[in-house]
Amino acid sequence: MTADRNDEDGRGGGGLTTGEVARRLGVAPTTVRTWDRRYGLGPDAHTGGTHRRWTPADVARLERMCALTATGVPPAEAARMVKSPGPPAPDGPAPVAPPVAAPPAASRRSRAHAGLRLGDARQECKGIARAALRLDAAALEDLLATAIEAHGLITAWTEVLMPTLQAVGRKWENSGERYVEVEHFLSWHVSGALRRCAPPVAADRPGATTMLACVPGENHTLPLEVLAAALAERQLPVRMFGAALPVDSLVAAVRRTGPAVVGLWAQSRTTASRPLAEHVAAMEWGVRGARRKAVVLTLGPGWAGHAVPGLARPRGLAEAVAAVESLVPG
1 MTADRNDEDG
11 RGGGGLTTGE
21 VARRLGVAPT
31 TVRTWDRRYG
41 LGPDAHTGGT
51 HRRWTPADVA
61 RLERMCALTA
71 TGVPPAEAAR
81 MVKSPGPPAP
91 DGPAPVAPPV
101 AAPPAASRRS
111 RAHAGLRLGD
121 ARQECKGIAR
131 AALRLDAAAL
141 EDLLATAIEA
151 HGLITAWTEV
161 LMPTLQAVGR
171 KWENSGERYV
181 EVEHFLSWHV
191 SGALRRCAPP
201 VAADRPGATT
211 MLACVPGENH
221 TLPLEVLAAA
231 LAERQLPVRM
241 FGAALPVDSL
251 VAAVRRTGPA
261 VVGLWAQSRT
271 TASRPLAEHV
281 AAMEWGVRGA
291 RRKAVVLTLG
301 PGWAGHAVPG
311 LARPRGLAEA
321 VAAVESLVPG
């Protein structure tokens, strides 16, 4: 047990710890240890005789293992392929991790999009994407919680979670809907991670509640879930109504809630409705002589082509949080 603790907290010397390797690959640390114990894919050397440290060559083998298992190759067969020596290079010995032999043309076509195109996104994106592709729930939940804890809600969403979700969406669009299950799987786990990390909703204060809803026809709720969690962190009362709230229900909720702020999310220009935003902004409630209105924030990329005069359109979730903090009495 002592060796494992030292392995995870990074006191073992040069190279990567098992925990660091697991996060990079998007697998659970237990998976890395199982591949080591069962298939002999552990590090080539130990530091100080006890601590397990992984070199770039060690990690390269595991990356090939991940790539093969993600395409459906059984783990035992994938390990055999990773460990089998390739033909020697023209000017030197065989590399430590030789490339996998090219599959038949039909197989190449079916695996053409096996990896997500994440460009220069954070390393966490790649790990989360790999875990989502493998439908590895335990690893995915661990990676999501680690990203949120390390970066905070807004930064984790903007720089890690959203780019990964966008990459999964592109993969789905470009591969004949073969990866719909991956998108649903990742979205569900992101939503769960956001709810687990958010503190309890603050108690309502008269005239201080923020109401969040997607406009009718809009089902992209995750950005609003991030915003709701960020407001809860700041002890600001928030009521979340989620996806595609019908117009009549939206109006009724505004009247019953009496919010200080109403955030209307539109992901697409086809769902953003300028008349709806203007109608909500014009609504009044309260006793005669003390009538009140909510400040309406038009949130999301869908409003880019539907700017509503007189209504704020924060450019991102951090700006939206700042706007609410400036509008809601402390």
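Using full-length UniProt numbering, you'd call the opening residue of the sequence shown number 1 and step up by one each time.
Note that the Cβ used here is the ideal one computed from N, Cα and C, for glycine as well.
Residues that residue i bridges to, as DSSP identifies them
i           : result
glycine 305 : None; glycine 305 has no bridge partner.
leucine 16  : Trp54
C-beta contact flag for residue i and residue j at 8 Å
i            : j              : result
alanine 272  : histidine 306  : yes
alanine 76   : tyrosine 39    : yes
alanine 244  : cysteine 197   : no
valine 261   : valine 280     : no
valine 27    : alanine 131    : yes
glycine 302  : tryptophan 285 : no
valine 247   : proline 223    : no
alanine 320  : proline 314    : yes
glycine 263  : threonine 210  : yes
glycine 300  : glutamine 267  : yes
glycine 42   : arginine 53    : no
valine 311   : alanine 277    : This sequence places leucine at residue 311; valine is not what is there. Cβ atoms of leucine 311 and alanine 277: closer than 8 Å.
cysteine 125 : proline 163    : yes
arginine 234 : glutamate 325  : yes
valine 201   : valine 254     : no
glycine 207  : arginine 291   : no
Anticipated Cβ contact below 8 Å, residue i with residue j, distance rounded
i                 : j             : result
arginine 205      : glutamine 123 : Actually they do not touch by this definition, with Cβ atoms about 41 Å apart.
threonine 17      : arginine 33   : Actually they do not touch by this definition, with Cβ atoms about 12 Å apart.
leucine 327       : leucine 227   : About 14 Å separates the two Cβ atoms, so there is no contact after all.
glutamate 225     : serine 187    : Rounded, the Cβ-Cβ distance is 10 Å, inconsistent with contact.
alanine 129       : alanine 193   : That pair is no contact at about 15 Å.
phenylalanine 185 : leucine 135   : 6 Å
proline 199       : alanine 232   : 5 Å
leucine 133       : histidine 189 : That pair is no contact at about 13 Å.
alanine 138       : alanine 147   : That belief does not hold up - the Cβ atoms of alanine 138 and alanine 147 are roughly 15 Å apart, past 8 Å.
alanine 57        : methionine 65 : Contact doesn't hold; Cβ gap of about 13 Å is too wide.
aspartate 44      : threonine 31  : The Cβ separation is near 19 Å, so there is no contact.
Legend entry - Every unbroken alpha helix (DSSP H) inside the UniProt domain "B12-binding" (207-330) [4 residues or more]: Within the UniProt domain "B12-binding" (207-330), the runs of alpha helix (DSSP H) that reach at least 4 residues and sit entirely inside it are, in chain order, 222-233, 247-257, 274-282, 317-327.
Legend entry - Secondary structure, alpha helix (DSSP H): runs of 4+ residues fully inside the stretch 119-202: Runs of the alpha helix (DSSP H) inside the stretch 119-202: 123-133, 137-151, 153-156, 162-174, 180-197.
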